[in-house]
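Protein chains in written order, with the numbering used here: chain D, 14 to 412; chain W, 14 to 412. These notes are about the structure you will find just below.
In structure tokens form, the structure reads like this:
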């Protein structure tokens with residue numbers, strides 16, 4: 014715990030255990046992480062759309078949704094992507110190794126990797142560490158949350174207790190961000206655990222919907238990794254199921270809350286980032302327009318740099334809204350607020366107090382709100398500012 | 014000429030004259046530019062797809078293609094975008110003012126603006142300067158090329174003499190880049206002049222095709238302006254027309270050469286850029302895939318920073334190729350070369366001499382070549398590296 018001495022303990026739901034240790038791939042930091050359920054659980058997964066998929070991604074895609082998963086093992090430091098047949102073999106050895114320790118079948122063990130592309134896994138070191146990894150497992154998520162990190166500055170966890178009609182269940186999430194670093198790229202990995210009773214089909218459906226409004230709504234730099242994965246494991250250890258549509262709604266909202274909390278933590282921990290940017294569009298003529306425009310604003314280097322400079326630069330926002338295909342008729346009716354301050358309406362800028370808005374932009378969270386007055390659709394996206402530090406981190410100087 | 018003392022003179026085609034002066038909107042630099050033809054000419058135009066279009070863009074769209082255009086007037090410093098009815102009126106006053114000086118109708122005068130969004134034009138200063146602007150016109154493009162600049166570091170011109178079956182004609186192009194700066198954004202403006210005889214329909218068709226393989230293949234930061242415009246004017250003053258398909262091919266290639274030369278000048282003059290990046294994909298299974306992937310590589314912050322750091326980071330390129338939807342089967346057969354050096358083939362990295370490739374990456378032009386061995390389609394895109402300087406330029410610090 015020395016890396017994050019004031020960390021709060023994040024408890025896993027009933028029946029889950031986790032651990033994180035250093036197996037020797039990285040110099041000092043934990044680099045091997047395990048979470049497992051004492052009983053088989055339902056597992057769902059959402060995976061990168063990148064056509065160049067890492068070995069663990071194609072492996073897990075062949076397994077989920079499933080009702081018999083026991084564990085997920087993750088190594089950090091090497092992505093096991095672009096590694097050919099040897100990579101597939103090494104990935105399988107991770108599953109086999111953990112299965113042996115837990116006394117289950119290899120296809121009950123999911124895998125994830127994050128780190129350098131194109132390097133073969135240091136598989137002997139990894140496999141050698143499995144007995145110790147299992148031995149050290151506890152009901153807390155914290156060492157696990159450290160061991161999956163690469164360039165992230167802080168571990169990311171979120172937990173929520175939710176009361177359904179027959180009792181309380183827990184949803185606990187852990188993730189790492191899409192920090193990208195020498196010599197290649199890292200990954201967005203998300204893990205959500207719950208002790209509710211769910212079918213595999215429901216788990217997959219809920220997870221997909223929750224990811225769509227959380228992890229799929231964040232951007233650090235617009236690049237999409239070979240390894241991006243979000244898992245949901247539900248082990249039913251609370252003996253509480255989803256009885257009715259009210260339960261369904263409450264559980265799903267809990268899942269969204271945990272997912273969005275994690276997603277925002279990724280955005281604010283973007284490389285070089287100093288501010289979280291939250292963009293909300295309402296009154297859009299279609300969902301597609303709202304999703305595209307909010308996302309477009311969060312990836313615009315011009316808007317990201319302006320916010321880094323605490324500059325209420327409405328013109329860049331307006332231009333991006335237009336570039337993303339928001340119809341000119343809707344732009345005419347657009348109302349733009351930044352930090353709650355009205356900057357643009359009726360087709361022209363307002364006379365706002367620039368110094369005051371600048372002052373408000375010093376906050377760690379910057380809210381951009383766009384009302385199009387042209388329909389009933391809305392969307393939110395999160396991103397971060399773009400600083401010189403981002404370039405510095407991603408530029409590998411030869412000196 | 015004090016700004017660029019060693020500039021070569023760029024001659025316009027027969028019958029064109031141009032000028033550039035300071036009308037007082039900007040402090041010192043020329044900020045008002047005119048080009049006109051002594052006789053009416055054919056005019057074609059390609060315009061921004063941004064839904065938020067500046068007043069001159071919607072005005073010119075209502076005129077071209079045309080066979081009676083006499084002039085294009087351009088002001089720099091103010092974009093006349095998001096300026097409402099007053100902006101439309103001011104834009105019209107520009108056309109009317111120039112038309113009066115040239116003795117033609119207002120709709121024979123095209124307009125363009127570049128600079129700050131949301132400010133009304135200093136229209137009195139602009140109109141007042143028109144007589145002087147016309148008086149100073151010469152057969153050279155150089156003062157014109159200076160007066161249209163905003164944050165560009167250097168003026169951009171390209172000229173080519175082309176021999177058709179009945180004689181020689183000239184194609185001269187001038188442009189400014191998509192430098193984006195406080196408080197809003199600037200614009201890509203392109204102007205191509207030729208003394209060949211063309212129909213308006215042919216001019217529009219050729220221009221569209223040429224823009225598709227030049228200006229539409231460059232990226233500085235992925236943002237798309239409210240004012241982007243490329244014009245083609247053909248005045249027939251050479252008395253030479255396009256007689257056959259061979260002439261057609263030669264003329265079109267000349268137009269492409271001039272357009273690509275200008276486009277590359279924009280990319281290398283991107284804000285903070287130190288290197289031109291040229292990405293070529295061959296053997297692609299479709300044109301769409303080739304276009305999307307090459308463009309995706311030129312906008313990737315991860316690839317742009319790696320090249321800035323002169324790092325042969327093949328993993329980032331591979332990941333982006335996958336993210337842009339190149340099928341995994343094609344990635345398996347992909348051959349990647351950077352600066353002519355083989356970095357990746359047969360689904361895995363080669364053992365290349367990293368120090369040697371780093372040395373080659375010190376060049377001002379970085380070539381990334383991708384052979385997919387999966388079809389007959391190919392595409393090229395140009396971009397620039399991403400440096401701390403870009404962030405510095407686009408971050409308006411409050412101090």
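The C-beta atom is built at its ideal place from N, Cα and C for all residues, glycine as well.
Could you name the residues of chain W that residue i contacts, counting a contact when the two beta carbons are closer than 7 angstroms?
{"i": "residue 65 of chain D", "result": "331, 332, 334, 335, 341 and 344"}
{"i": "residue 89 of chain D", "result": "The premise fails here: residue 89 of chain D is roughly 16 angstroms from chain W at the closest Cβ pair, so nothing lies under 7 angstroms."}
{"i": "residue 439 of chain D", "result": "Nothing in the structure corresponds to residue 439 of chain D, since chain D is present only between 14 and 412."}
{"i": "residue 338 of chain D", "result": "64"}
Taking 9 angstroms as the cut-off, decide whether the C-beta atoms of residue i and residue j are in contact.
{"i": "residue 305 of chain W", "j": "residue 254 of chain W", "result": "no"}
{"i": "residue 281 of chain W", "j": "residue 407 of chain W", "result": "no"}
{"i": "residue 53 of chain D", "j": "residue 132 of chain D", "result": "no"}
{"i": "residue 263 of chain W", "j": "residue 176 of chain W", "result": "yes"}
{"i": "residue 205 of chain W", "j": "residue 251 of chain W", "result": "no"}
{"i": "residue 92 of chain W", "j": "residue 33 of chain W", "result": "no"}
{"i": "residue 259 of chain W", "j": "residue 227 of chain W", "result": "no"}
{"i": "residue 106 of chain D", "j": "residue 82 of chain D", "result": "no"}
{"i": "residue 29 of chain D", "j": "residue 170 of chain D", "result": "no"}
{"i": "residue 375 of chain W", "j": "residue 240 of chain W", "result": "no"}
{"i": "residue 56 of chain W", "j": "residue 80 of chain W", "result": "yes"}
{"i": "residue 11 of chain D", "j": "residue 292 of chain D", "result": "Because chain D is modelled from 14 through 412, residue 11 of chain D falls outside the range shown and cannot be assessed."}
{"i": "residue 274 of chain W", "j": "residue 231 of chain W", "result": "no"}
{"i": "residue 247 of chain W", "j": "residue 307 of chain W", "result": "no"}
{"i": "residue 383 of chain W", "j": "residue 320 of chain W", "result": "no"}
Using the Cβ count rule (16 or more neighbours within 10 Å means buried), how would you classify residue i?
{"i": "residue 22 of chain D", "result": "exposed"}
{"i": "residue 193 of chain D", "result": "Low confidence applies here, because residue 193 of chain D scores a pLDDT of 48, under 50, leaving its location unreliable; read the following figure in that light. It counts as buried."}
{"i": "residue 116 of chain D", "result": "exposed"}
{"i": "residue 362 of chain D", "result": "buried"}
{"i": "residue 51 of chain W", "result": "exposed"}
{"i": "residue 197 of chain D", "result": "Residue confidence for residue 197 of chain D is low, a pLDDT of 40 falling below 50, so the modelled location carries little weight and cannot support an answer."}
{"i": "residue 172 of chain W", "result": "buried"}
{"i": "residue 266 of chain D", "result": "exposed"}
{"i": "residue 96 of chain D", "result": "buried"}
{"i": "residue 318 of chain D", "result": "buried"}
{"i": "residue 25 of chain W", "result": "buried"}
{"i": "residue 283 of chain W", "result": "buried"}
{"i": "residue 332 of chain D", "result": "buried"}
{"i": "residue 145 of chain D", "result": "exposed"}
{"i": "residue 40 of chain D", "result": "exposed"}
{"i": "residue 180 of chain D", "result": "exposed"}
{"i": "residue 62 of chain W", "result": "exposed"}
{"i": "residue 137 of chain D", "result": "exposed"}
{"i": "residue 369 of chain D", "result": "exposed"}
Less than 8 angstroms between the CB atoms is what I'm expecting for residue i and residue j, so what's the real figure, rounded?
{"i": "residue 124 of chain D", "j": "residue 69 of chain D", "result": "4 angstroms"}
{"i": "residue 84 of chain W", "j": "residue 47 of chain W", "result": "6 angstroms"}
{"i": "residue 243 of chain D", "j": "residue 224 of chain D", "result": "5 angstroms"}
{"i": "residue 220 of chain W", "j": "residue 59 of chain W", "result": "6 angstroms"}
{"i": "residue 398 of chain D", "j": "residue 279 of chain D", "result": "No, residue 398 of chain D and residue 279 of chain D are not in contact; Cβ-Cβ is about 14 angstroms, not under 8 angstroms."}
{"i": "residue 212 of chain W", "j": "residue 31 of chain W", "result": "Actually they are not in contact, since the Cβ atoms of residue 212 of chain W and residue 31 of chain W sit about 24 angstroms apart, beyond 8 angstroms."}
{"i": "residue 256 of chain W", "j": "residue 392 of chain W", "result": "So it is not a contact: roughly 31 angstroms between Cβ atoms."}
{"i": "residue 45 of chain D", "j": "residue 160 of chain D", "result": "6 angstroms"}
Can you pull the chain W neighbours of residue i, defined as C-beta to C-beta under 9 angstroms?
{"i": "residue 286 of chain D", "result": "Here the premise fails: no neighbours, minimum Cβ distance about 12 angstroms."}
{"i": "residue 95 of chain D", "result": "327, 328, 331, 332, 344, 357, 360, 361 and 362"}
{"i": "residue 131 of chain D", "result": "327, 328, 331, 357, 361 and 362"}
{"i": "residue 190 of chain D", "result": "Per Cβ cutoff of 9 angstroms: no residues; residue 190 of chain D is ~14 angstroms from chain W at best."}
Strictly by DSSP, which residues pair up with residue i?
{"i": "residue 153 of chain W", "result": "W:24"}
{"i": "residue 204 of chain D", "result": "D:187 and D:244"}
{"i": "residue 354 of chain D", "result": "D:351"}
{"i": "residue 362 of chain W", "result": "W:357"}
{"i": "residue 297 of chain D", "result": "D:390"}
Mind listing the chain D neighbours of residue i? Cutoff is C-beta to C-beta under 8 angstroms, in chain order.
{"i": "residue 405 of chain W", "result": "401"}
{"i": "residue 101 of chain W", "result": "Going along chain D, no residue has its Cβ under 8 angstroms from residue 101 of chain W, so there is no contact; the nearest lies around 11 angstroms."}
{"i": "residue 136 of chain W", "result": "What residue 136 of chain W touches in chain D: nothing, since even the nearest Cβ is about 17 angstroms away."}
{"i": "residue 388 of chain W", "result": "Those within 8 angstroms of residue 388 of chain W in chain D number zero; the least Cβ separation is about 15 angstroms."}
Check the Cβ of residue i against every Cβ in chain D and list those closer than 7 angstroms, keeping chain order.
{"i": "residue 259 of chain W", "result": "By Cβ distance, chain D contributes nothing, its closest Cβ being about 40 angstroms from residue 259 of chain W, past 7 angstroms."}
Please list the partners that residue i has in chain D, where partner means a Cβ-to-Cβ separation under 9 angstroms.
{"i": "residue 139 of chain W", "result": "The premise fails here: residue 139 of chain W is roughly 20 angstroms from chain D at the closest Cβ pair, so nothing lies under 9 angstroms."}
{"i": "residue 283 of chain W", "result": "Neighbours of residue 283 of chain W on chain D: none; closest Cβ ~11 angstroms, over 9 angstroms."}
{"i": "residue 396 of chain W", "result": "Residues of chain D passing the Cβ test: none, with the nearest at roughly 13 angstroms."}
Practice task
With 7 angstroms as the limit, tell me which residues of the stretch 351-363 of chain W have their beta carbon closer than that to any beta carbon of chain A; keep them in chain order.
Solution key: Reference to chain A is not applicable here, since the protein chains of this structure are D and W.
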